[in-house]
Every structure is written in structure tokens, then in C-alpha cells.
Amino acid sequence: MMDGDKAKKDDFFVTGPKKLGQVNWKNQDHRRAVMACLVQGVYAMERDRKYKRHAMAHTWWESLGFVLHHKLMDVDDSIFGVIYEYPLIIPIAPKYIIAFRGTDNVNDILLDLKLIMHCFLQTSRHSIASEAVREILDKKGTNVWLAGHSLGAAVAISIAKQLIRERGMYLETYLFNPPYPSIPIEKIKSKRDLLNQLNDAPLANSEGVGLRPNTPTAISKANNQF
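Just add 229 to the spot in the sequence shown (first one is 1) and you have this note's numbering.
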């Protein structure tokens, strides 16, 4: 049975942004709030599945104009990521956002331990996520953003780092409470500096990797701004 706090957290009309209104994609706070909502949608979708409850997840993306493109499921059938599509044609907006949730069950805790032991890249979750991101990029183009919270932030930044190394591709990436210390922002003065810093660190705290490095914020704080 699910506790009331988690059910309340998954209710968009209780914990979602109250004053966001129409998204201004030029506004950094709006972008961050949208990304936080889409990550929360992944948590809610997994709990919809796990507890076989009346669906609550869909309002987290439908309220912002997104549609569900694809669910990412681990080998235990848990939903750890979602690919969202933004059907409106706005040049500065993403076409696809791929969001990853963090720790929510025992298997997630085991993945946290693997992250600590530096063998996270060999896990099924990382492999499935990496393949999904590359497939979207290959089939749908490069207008793709990444987002993740906690363990999900580790997935997002790891894939972002791989794409920088392998393709020279910089995806806008939003991290919420990532599990490693941050790259000092003042040291990032160019894309080359960013690449060097990413190569030296297992994970980075950054918002907009390769585009707009910034300090990350918790999902709840991002939503509470509105």
C-alpha cells in the first residue's frame, strides 16, 4: 500500500507549479520548472504501475503540452525513464525531453551502491537509457534535452558525457540533486573547458551541460517558485 505523502507528491494539482501558466522557453526558471515536472512524472508513472492505482502521472506532462512518446523500463519492469514529445513547433523549445527518476525501490538502492562502486555503466538501466537516447538522436534529430533527479541525474550526465566524447554533441541537461560534488562553475569558460572538467569528474552538477552551466536545484524548489 502506498503512503499518503507519496500520493500527495504525485498529485500535480497539489504539488505542481501553481503560477507557471504558459511556458516561456526563454525563461530559465520556466525551463527548470518544466524539467522538474517531467522528472516527477516518471516517479508518478512508476508508482501508478507499482501500486496499480488510478493513474496520476499523465497530468505532469499533459498540463505542460507534452505527450508520452515512450516509457523506459528496466529488466525488472520498473519504469525509470520517460521520453516526452513536445508537438508545438517553437524554435527555442525542445522537441523531445528524456527524463530519469531517482531511487524509489530496493533495486534502485542496489544501483546506488553500484554507482558508488563505479560499476554503474555496466548496469542494464544505464545501457537501456543510453540506447534510447541514441535512438532518438539518430531517428528524430538533435533537438533533445535530458533531465534527471538523484540516481536519474547520474544516468543523464553519464550519457551527456558520452555524447560529448563520442559525437562532440552537447545536449541541454538538467540535474536535480545529483549524487556527486559539482564541477566548479567558475572553471568552465568554454566547451573545451567543460569537456576537460567532465572527463576529470565522475559526475557533474550542471544545468544545461555545454550550454548554460548552473547550480542545480531540488525538484520541489523548482516547482515552488511558481
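Glycine included, every Cβ here is placed at the ideal spot set by N, Cα and C.
Evaluate G331 with the Cβ neighbour count: other Cβ atoms within 10 Å of its Cβ, from every protein chain shown; 16 or more gives buried, anything less gives exposed.
Your numbering for residue 331 matches position 102 in the sequence shown. So G331 counts as buried.
Counterpart residues of M302 in DSSP-defined beta bridges
Sequence index remark: in the sequence shown, residue 302 carries index 73 (1-based). Note: M302 sits in a beta bridge opposite I308.
Suppose contacts are defined by Cβ-Cβ distances below 9 Å. Is A284 in contact with V271 by that definition?
Working through the sequence shown from its first residue, we reach residue 284 at position 55. Working through the sequence shown from its first residue, we reach residue 271 at position 42. Not closer than 9 Å, so no.
Within the segment 356-409, note down every full alpha helix (DSSP H) run reaching 4 residues or more, in order along the chain.
Counting only runs of 4+ residues, the alpha helix (DSSP H) found wholly inside the segment 356-409 occupies 380-396, in chain order.
Short Cβ contact (9 Å threshold) for Y325 with N256
Position 96 of the sequence shown, counted from the first residue, corresponds to residue 325. Position 27 of the sequence shown, counted from the first residue, corresponds to residue 256. No; because the gap between Cβ atoms is not below 9 Å, this pair is not in contact.
Taking 9 Å as the threshold (C-beta atoms), are G294 and L267 in contact?
By one-based count along the sequence shown, residue 267 stands at place 38. By one-based count along the sequence shown, residue 294 stands at place 65. Taking a C-beta distance under 9 Å as the contact criterion, L267 and G294 do not qualify as a contact pair.
Out of A328, G397, Q351, which one is the CA nearest neighbour of L375?
Your numbering for residue 375 matches position 146 in the sequence shown. When C-alpha distances from L375 are compared across A328, G397, Q351, the shortest belongs to A328.
Leaving out the 5 sequence neighbours to the left and right, which residues in its chain are closer than 7 Å to A273 when beta-carbon positions are compared?
Residue numbering aside, residue 273 sits at position 44 when the sequence shown is read from its first letter. Once the five neighbours on either side are set aside, the close Cβ partners of A273 are D239, M285, A286, W289.
What residues are listed by DSSP as bridge partners for F184?
Outside the shown range of the chain, which is 230 to 455, sits residue 184, and nothing can be said about it.
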